[in-house]
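Written below as structure tokens is the structure these notes are about.
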Amino acid sequence: MKPADIKSLGQKILQDISHINELKTLFELCQSEKPQVQFASIQVFQFVTKELLKKGYLVGKASEWFKECIGLYLGLLNQLLQESDDLRIKLESWTKSVDLIARLSEQTKEFQNQYFIPVCKTILVLDKPSALVDEIVNLLNQADDFRFYFYKNAQKHLENRIKPMNVLVLLSQLKPQPREFKYLIETELVGLQGNKSDSIQQKGVYRKMFSECWIMFLKHSMNATTYKLVLEMMHTKLIPFMEEPVLLMDFLVDAYDQGGLVSILALNGLFTLINEHNLDYPHFYDKLYNLFDRNILHVKYRSRFFRMAGLFLSSTHIPAYLVASFIKKMVRLCLYAPPSGILIVLPLCLNLFRMHPQVISIIHTRELQDPKEDSFVFEEQDPSKTNANESSLWEILVLENHYHHVVSKMARSFRDSLAKPPFDLEDFLDHSYKTVTPLMLAHGQ
Numbered sequence: 069m070k071p072a073d074i075k076s077l078g079q080k081i082l083q084d085i086s087h088i089n090e091l092k093t094l095f096e097l098c099q100s101e102k103p104q105v106q107f108a109s110i111q112v113f114q115f116v117t118k119e120l121l122k123k124g125y126l127v128g129k130a131s132e133w134f135k136e137c138i139g140l141y142l143g144l145l146n147q148l149l150q151e152s153d154d155l156r157i158k159l160e161s162w163t164k165s166v167d168l169i170a171r172l173s174e175q176t177k178e179f180q181n182q183y184f185i186p187v188c189k190t191i192l193v194l195d196k197p198s199a200l201v202d203e204i205v206n207l208l209n210q211a212d213d214f215r216f217y218f219y220k221n222a223q224k225h226l227e228n229r230i231k232p233m234n235v236l237v238l239l240s241q242l243k244p245q246p247r248e249f250k251y252l253i254e255t256e257l258v259g260l261q262g263n264k265s266d267s268i269q270q271k272g273v274y275r276k277m278f279s280e281c282w283i284m285f286l287k288h289s290m291n292a293t294t295y296k297l298v299l300e301m302m303h304t305k306l307i308p309f310m311e312e313p314v315l316l317m318d319f320l321v322d323a324y325d326q327g328g329l330v331s332i333l334a335l336n337g338l339f340t341l342i343n344e345h346n347l348d349y350p351h352f353y354d355k356l357y358n359l360f361d362r363n364i365l366h367v368k369y370r371s372r373f374f375r376m377a378g379l380f381l382s383s384t385h386i387p388a389y390l391v392a393s394f395i396k397k398m399v400r401l402c403l404y405a406p407p408s409g410i411l412i413v414l415p416l417c418l419n420l421f422r423m424h425p426q427v428i429s430i431i432h433t434r435e436l437q438d439p440k441e442d443s444f445v446f447e448e449q450d451p452s453k454t455n456a457n458e459s460s461l462w463e464i465l466v467l468e469n470h471y472h473h474v475v476s477k478m479a480r481s482f483r484d485s486l487a488k489p490p491f492d493l494e495d496f497l498d499h500s501y502k503t504v505t506p507l508m509l510a511h512g513q
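When the letters of the sequence shown are read in order and numbered with the numbering used here, they come out as residues 69 to 513.
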């Protein structure tokens with residue numbers, strides 16, 4: 069059958085309701101193996117169904133039969149969304165499903181979630197082409213009502229086996245909570261727009277659905293890539309919108325305890341919980357201290373790490389021995405670091421001396437000539453046992469003779485800059501080989 073004939077069939081039904089049984093014929097055409105026929109049939113079936121809804125065919129003698137036809141059609145659309153190899157059919161199945169569920173909800177004055185539940189399951193487990201993901205995200209972000217029910221339905225499906233990266237690609241792009249509600253369904257619904265206690269506009273209800281959805285997702289085992297992506301977005305896209313942010317504590321503490329890059333990525337989230345939600349995490353500084361190793365000045369997230377470390381170490385409540393251990397270890401690491409890394413560490417250390425003048429004595433004893441006599445225990449993992457307070461910063465004398473003139477100049481700042489205003493660490497965090505090499509060349513090195 070040609071597309072023009074399919075369109076004529078639809079007009080025939082609308083012109084004379086006695087031909088409503090032709091909906092079955094249209095439904096069969098929606099299952100055609102010919103993409104053009106199938107696409108045209110879906111378009112016509114959708115149009116005819118919406119017109120019949122407007123005319124009130126959900127009530128009356130034929131209502132049950134009509135509802136059954138709609139249910140079969142929506143089931144077919146969900147099947148096509150999951151199984152079709154034709155991207156155009158997948159896109160059409162998604163948009164038509166949501167559109168028809170919206171129109172049904174308007175007619176019944178209640179969100180027809182029984183039709184949306186299987187759709188949510190499909191889009192969670194589906195290996196989705198990027199164009200389909202974009203369409204799903206775009207529609208859900210424009211329709212706060214459907215996004216609410218997606219969060220609600222997703223919780224149940226996330227109890228099952230999923231591909232975490234596929235789900236994360238979708239969840240990470242969805243808006244957490246609307247500022248001003250925008251509905252795809254134009255009629256006020258029971259329990260949806262303010263006339264019941266479970267309204268999505270009721271304070272906290274939307275946030276609750278968002279939170280429960282994410283908590284369920286975070287229970288899944290993830291590969292390293294997915295795990296790191298979740299940690300990167302934790303402090304900006306999750307914590308500010310969670311009903312109870314402290315529920316993320318176990319996830320973040322587990323990550324922080326792993327060490328290495330994963331611990332670095334967990335720092336932002338932990339800092340937010342500690343600083344804004346009064347999280348008590350024993351031995352936090354001990355673990356932070358052990359993240360400072362010879363690799364830290366070479367890793368991809370170096371700037372992010374030192375930004376967070378600077379915030380944690382600026383607290384006036386941490387003891388002097390702890391500050392001294394951090395400063396001493398950082399300066400020692402500079403002996404093995406590239407100039408771009410040293411130019412992050414030295415300004416940070418100078419700032420810490422200004423914030424914690426009680427540890428300034430280790431600068432004044434930097435004249436120690438024989439490093440073998442240094443009491444500092446570099447390999448010690450407990451910062452309270454490093455003997456940093458009894459040590460000196462002889463490393464600064466070495467750095468004063470560094471081949472890079474900016475490094476040597478910064479090292480000499482330890483002699484006379486402690487009374488000056490602190491450095492803005494942001495000015496140094498983005499240093500790299502690309503930025504320091506021109507400085508060397510300009511100085512004739």
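Beta carbons are placed, not taken as given, at the ideal position from N, Cα and C, and that holds for glycine.
Checklist entry - For A388 versus I430, is the C-beta distance shorter than 8 Å? => result Residue 388 sits at position 320 when you count from the first residue of the sequence shown. Residue 430 sits at position 362 when you count from the first residue of the sequence shown. No. Outside cutoff.
Checklist entry - From what residue to what residue does the alpha helix (DSSP H) around L159 run? => result Looking up residue 159 in the sequence shown gives position 91. Per DSSP, L159 belongs to the alpha helix (DSSP H) from 155-176.
Checklist entry - DSSP state of L345, grouped into three classes? => result Within the sequence shown, the letter at position 277 stands for residue 345. First, the residue type needs correcting, since residue 345 is His and not Leu in the sequence shown. Note: H345 maps to helix in three-state DSSP.
Item to check | P197 versus E280, M398, E151, residue with shortest Cα-Cα distance | outcome: On the sequence shown, position 129 is the one that residue 197 refers to. Nearest of E280, M398, E151 to P197, Cα basis: E151.
Item to check | Buried or exposed (CB count within 10 angstroms, at least 16 for buried), E101 | outcome: Here residue 101 corresponds to residue number 33 of the sequence shown, with the count starting at 1. Per the 10 Å Cβ criterion, exposed.
Checklist entry - How is N263 classed by DSSP in three states: helix, strand or coil? => result As a first step, residue 263 is located in the sequence shown; it is residue number 195 there, counting from the start. With a pLDDT of only 47 at N263, under 50, the local geometry of the prediction cannot be trusted, and no value is derived from it.
Item to check | Under the three-state DSSP convention, the category F113 falls into | outcome: For this step, residue 113 is matched to residue 45 along the sequence shown. In this structure, F113 counts as helix in the three-state DSSP scheme.
Checklist entry - Considering only the beta carbon of each residue, do M277 and Y219 sit closer than 8 Å? => result For the purposes of this step, residue 277 is taken as the residue at position 209 of the sequence shown. For the purposes of this step, residue 219 is taken as the residue at position 151 of the sequence shown. Result yes, Cβ atoms of M277 and Y219 sit closer than 8 Å.
Item to check | Rounded separation between L497 and M478 - CA only | outcome: Position 429 of the sequence shown holds residue 497. Position 410 of the sequence shown holds residue 478. For L497 and M478, the distance between alpha carbons rounds to 15 Å.
Checklist entry - Relative to the C-alpha of L242, which residue among D212, P232, F115 is closest? => result Residue 242 sits at position 174 when you count from the first residue of the sequence shown. L242 has its Cα closest to that of D212, out of D212, P232, F115.
Checklist entry - Going along the chain, which residues of its own chain have a beta-carbon closer than 7 Å to the beta-carbon of V201, five neighbours each way excluded? => result Translated into positions along the sequence shown, residue 201 becomes position 133. If we look at V201 and ignore the five residues flanking it on each side, its Cβ neighbours are V237, L238.
Next on the checklist: Determine whether the beta carbon atoms of A199 and L145 lie at a separation below 8 Å.
Outcome noted: Walking along the sequence shown from the start, residue 199 turns up at place 131. Walking along the sequence shown from the start, residue 145 turns up at place 77. Their beta carbons are not under 8 Å apart, which means A199 does not touch L145 by this criterion.
Checklist entry - By how many angstroms is the C-alpha of V235 removed from the C-alpha of L320? => result Here residue 320 refers to the residue found at position 252 when the sequence shown is read from its first residue. Here residue 235 refers to the residue found at position 167 when the sequence shown is read from its first residue. About 20 Å.
Next on the checklist: Check for me: the alpha helix (DSSP H) holding A199 runs from which residue to which?
Outcome noted: Reading the sequence shown from its first residue, position 131 is the one you call residue 199. Residues 198-210.
Next on the checklist: Whole angstroms are fine: how far does the CA of E458 sit from the CA of I428?
Outcome noted: Reading the sequence shown from its first residue, position 360 is the one you call residue 428. Reading the sequence shown from its first residue, position 390 is the one you call residue 458. Approximately 11 Å between the Cα atoms of the pair.
Next on the checklist: Whole angstroms are fine: how far does the CA of V105 sit from the CA of L338?
Outcome noted: Your numbering for residue 338 matches position 270 in the sequence shown. Your numbering for residue 105 matches position 37 in the sequence shown. Using only the alpha carbons, I get a separation of about 55 Å.
Checklist entry - Where are the alpha helix (DSSP H) runs, 4 residues long or more, that stay fully inside the stretch 380-436, in chain order? => result 388-401, 407-423, 429-432
Item to check | Buried versus exposed call for Y217 [16 or more other C-beta atoms within 10 Å across all chains shown] | outcome: The sequence position of residue 217 within the sequence shown is 149, counting from 1. Answer is buried; the Cβ neighbour count reaches 16.
Next on the checklist: According to DSSP, simplified to helix, strand and coil, what is G378?
Outcome noted: If you number the sequence shown from 1, residue 378 lands on position 310. G378 falls in the helix class under three-state DSSP.
Checklist entry - Looking at the unbroken alpha helix (DSSP H) that takes in E57, where does it start and where does it end? => result Residue 57 cannot be examined here, being either before or after the span of the chain that is shown, 69 to 513.
Next on the checklist: Within 8 Å, do at least three Cβ pairs link the stretch 412-421 to the stretch 469-484?
Outcome noted: yes
Checklist entry - Is P490 helix, strand or coil by DSSP? => result Locating residue 490 in the sequence shown gives position 422, counting from the first residue. It is coil, neither helix nor strand.
Item to check | V314 burial status per 10 Å Cβ neighbour count (16 or more: buried) | outcome: Here residue 314 refers to the residue found at position 246 of the sequence shown. With fewer than 16 other Cβ atoms within 10 Å, it is exposed.
Checklist entry - How many whole angstroms separate the CB atoms of Y353 and I342, which I take to be in contact at a CB cut-off of 8 Å? => result Your numbering for residue 353 matches position 285 in the sequence shown. Your numbering for residue 342 matches position 274 in the sequence shown. In fact, because the Cβ distance is near 11 Å, the residues do not count as touching under 8 Å.
Item to check | Short Cβ contact (8 Å threshold) for L77 with V112 | outcome: Sequence index remark: in the sequence shown, residue 77 carries index 9 (1-based). Sequence index remark: in the sequence shown, residue 112 carries index 44 (1-based). A contact, by the Cβ cut-off of 8 Å.
Checklist entry - Under three-state DSSP, which class holds R215? => result For the purposes of this step, residue 215 is taken as residue 147 along the sequence shown, with counting starting at 1. R215 falls in the helix class under three-state DSSP.
Item to check | Proximity winner among E311, L493, L461, relative to R375 (alpha-carbon distances) | outcome: Translated into positions along the sequence shown, residue 375 becomes position 307. When only C-alpha atoms are compared, the closest one is L493.
Checklist entry - Nearest to F380 by CA position, among V367, F394, R370, is which residue? => result As a first step, residue 380 must be located in the sequence shown, where it is residue number 312. Selected option, being the one with the closest Cα: F394.
Item to check | DSSP state of V258 mapped onto helix, strand, coil | outcome: To locate residue 258, count along the sequence shown from 1; it is residue 190. Because the pLDDT of V258 is 49, which lies under 50, any placement of that residue in the model is unreliable, and the question is left without a value.
Next on the checklist: With a threshold of 8 Å on Cβ separation, who are the neighbours of C188 within its own chain once the five nearest residues in sequence on each side are excluded?
Outcome noted: The residue labelled residue 188 in the question sits at position 120 within the sequence shown. The residues are Y217, F218, N221, A222, H225.
Item to check | Nearest-angstrom beta carbon gap, A170 and L252 [assumed within contact, 8 Å] | outcome: Indexing the sequence shown from 1 puts residue 252 at position 184. Indexing the sequence shown from 1 puts residue 170 at position 102. The Cβ separation is near 5 Å, so the contact holds.
Next on the checklist: Contact defined as beta carbons within less than 8 Å: I believe A377 pairs with L356. What is the distance between those atoms, to the nearest angstrom?
Outcome noted: Translated into positions along the sequence shown, residue 377 becomes position 309. Translated into positions along the sequence shown, residue 356 becomes position 288. Confirmed, about 7 Å.
Checklist entry - How big is the Cα-Cα spacing for V258 and S383? => result The residue you call residue 258 lines up with position 190 of the sequence shown. The residue you call residue 383 lines up with position 315 of the sequence shown. Unreliable placement is indicated for V258, whose pLDDT of 49 sits below 50; the coordinate value is still reported in the next sentence. If you take the alpha carbons of V258 and S383, they lie about 51 Å apart.
Checklist entry - How is the alpha helix (DSSP H) around Y471 delimited, first residue to last? => result Stepping through the sequence shown from its first residue, residue 471 is reached at position 403. First-last for Y471: undefined, no H or E at that position.
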